[in-house]
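Following the working numbering, the numbering of the sequence shown begins with 96 at its first residue and continues without gaps. Take a look at the structure below.
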Amino acid sequence: MNLSNEHPDPLPNAGFSNPYGVQPAEKKTHSAADDGAALIESGVDLITPEVIFETWAPHGSIWSAWAKPVLFLQMTESMSSERYNVHDPALIERLRQQVPELIGRSGGRRTALVFDLPGASSIFAGLEAARHGFRPVPMFNCTTGPGADVIPIRSLVESLRMAGAALRAMRLSDASPPAFLIDSDRLGGPDSIVPKPLTFDNRWIVFPQDFPSGLYLRRQGIDSVLVIRSAGSSVPLHDLNAVMQGWIQDGVQVLLTHVDVVSNSSGKALVETVEREGWMSRMFTTLRLVFHGIRRNYSGGFGRAIPLPPEPGTGGYFG
């Protein structure tokens with residue numbers, strides 16, 4: 096498996112066509128915080144998964160090439176009709192207080208954001224960043240399957256659907272810098288279950304190839320990346336660390352900070368510069384990615400049922 100950080104220029108995302116003639120967002124920034132909040136609270140639908148995906152990944156934005164369509168394929172009518180409640184006013188208010196302050200301390204349009212927060216927190220943080228001119232790019236690369244899912248995705252799917260209505264009202268510019276959204280609980284969190292036979296192992300990781308390279312970012316006028324994690328969390332997972340090290344090697348400054356998604360934070364969050372690792376540390380990071388033990392499916396994505404262990408003497412697996 097190629098774990099290098101050498102990427103070709105992006106190709107158009109082939110996850111969905113545009114059969115409904117949805118036009119890209121207008122090239123102007125429109126402040127619609129109140130409109131967006133009202134749309135989330137009312138649970139407005141956006142017709143189809145294709146239209147919702149086009150809202151998050153419009154054809155006019157170069158960053159749409161990195162949006163993952165996987166979770167949008169899970170937006171079945173039954174799931175949407177059940178109205179799974181993901182609206183958390185307290186969380187949204189905390190993000191509204193903290194995210195703008197962090198953006199104000201970044202390099203503005205010369206900075207890309209990465210929200211590495213638990214579950215749907217990344218989605219609502221991305222929505223808050225959109226209010227300040229950033230293009231949120233969902234990169235959740237997991238699916239659901241037969242049996243119980245190791246990583247719960249229901250709240251992610253419904254949050255993308257509901258937040259999509261608010262995002263559509265904002266009319267972001269195609270030139271908006273990116274805010275990449277990933278789940279910090281992608282390898283397991285407080286709501287996850289222990290992988291065991293007959294459960295669906297949908298744990299996932301990110302690779303350098305999942306993000307634009309540092310060289311590509313610099314060609315777009317972006318010379319720094321601000322990675323935002325949850326307060327109290329440990330250092331970034333090995334997979335994201337490999338991505339950050341690739342950016343640093345390409346001459347992009349990487350900064351690390353946090354938001355408090357649990358309680359109201361007081362004071363300014365510390366912003367740290369991520370240093371370049373030595374070759375031995377990078378080698379161990381690569382090995383950790385290879386031996387994570389997560390399961391790919393036959394299409395190359397993440398998510399596969401864990402088989403039953405073989406009976407003694409049979410030498411095979413069932414399931």
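In this text, a Cβ means the ideal position worked out from N, Cα and C, and glycines have one as well.
Query raised in the report: Just how far apart, CA to CA, sit Ala274 and Phe229?
Result: The C-alpha of Ala274 lies about 6 Å from the C-alpha of Phe229.
Query raised in the report: Among the residues of its own chain, which have a CB less than 7 Å from the CB of Val194, if the five just before and after it don't count?
Result: Within the same chain, Val194 has close Cβ partners Ala220, Glu223, Ala224 and Val354.
**Report entry** Nearest-angstrom beta carbon gap, Ser325 and Ser250 [assumed within contact, 8 Å]
**Finding:** Contact flag wrong, Cβ pair sits at about 16 Å.
Report task. With a cut-off of 8 Å on the beta carbons, I'd call Trp299 and Cys237 a contact; round off their distance for me. Result -> Contact holds; Cβ gap of about 5 Å.
Query raised in the report: Straight-line CA distance for Pro307 to Trp161?
Result: Each residue's CA atom was taken as its position, placing Pro307 and Trp161 some 8 Å apart.
Query raised in the report: Looking only at DSSP bridge pairs, what is Ser328 linked to?
Result: Ser328 is not bridged to any residue.
Query raised in the report: What is the rounded straight-line gap between the Cα of Arg256 and the Cα of Arg263?
Result: Whole-angstrom Cα-Cα distance: 11 Å.
Query raised in the report: What is the DSSP secondary structure of Ile323, reduced to helix, strand or coil?
Result: Correct three-state label for Ile323: strand.
Query raised in the report: How many Å lie between Asp334 and Pro303 at the Cα?
Result: In a straight line, the C-alpha of Asp334 is about 8 Å away from that of Pro303.
Query raised in the report: In the structure shown, what three-state DSSP assignment does Ala337 receive?
Result: Note: Ala337 maps to helix in three-state DSSP.
Report task. Would you grab the beta carbon distance between Val338 and Val301 for me? Rounded to a whole angstrom, and I think it's under 8 Å. Result -> Going by Cβ atoms, the distance from Val338 to Val301 rounds to 6 Å, so yes, they are a contact pair.
Query raised in the report: Taking Cβ to Cβ, would you say Ser201 is nearer than 8 Å to Leu321?
Result: Their beta carbons are under 8 Å apart, which means Ser201 touches Leu321 by this criterion.
Query raised in the report: Looking at Ile317 and Thr352, is the spacing between their C-beta atoms short of 8 Å?
Result: No, these two residues do not count as a Cβ contact at 8 Å.
Query raised in the report: How about the region 275-295 and the region 232-247: do they share at least three Cβ pairs that are nearer than 8 Å?
Result: Verdict: yes, contact present.
Report task. Verify whether the separation of the beta carbon atoms of Cys309 and Asp345 is less than 8 Å. Result -> It should be pointed out that residue 309 corresponds to Gly in this sequence rather than to Cys. In contact: Gly309 and Asp345 (Cβ atoms closer than 8 Å).
Query - Straight-line Cα distance separating Pro272 from Gln315 - result: Roughly 9 Å between the two C-alpha positions.
Requested in this report: Tell me whether Ile187 sits in a helix, a strand or coil according to DSSP, three-state version.
Outcome: Annotated three-state conformation of Ile187 is helix, per DSSP.
Requested in this report: Assign Glu188 to buried or exposed, taking buried as 16 or more other Cβ atoms, counted over all protein chains shown, within 10 Å of its Cβ.
Outcome: Flag for Glu188 reads exposed.
Requested in this report: Name the one or two DSSP bridge partners that Pro233 has.
Outcome: Leu276, per the DSSP bridge assignment.
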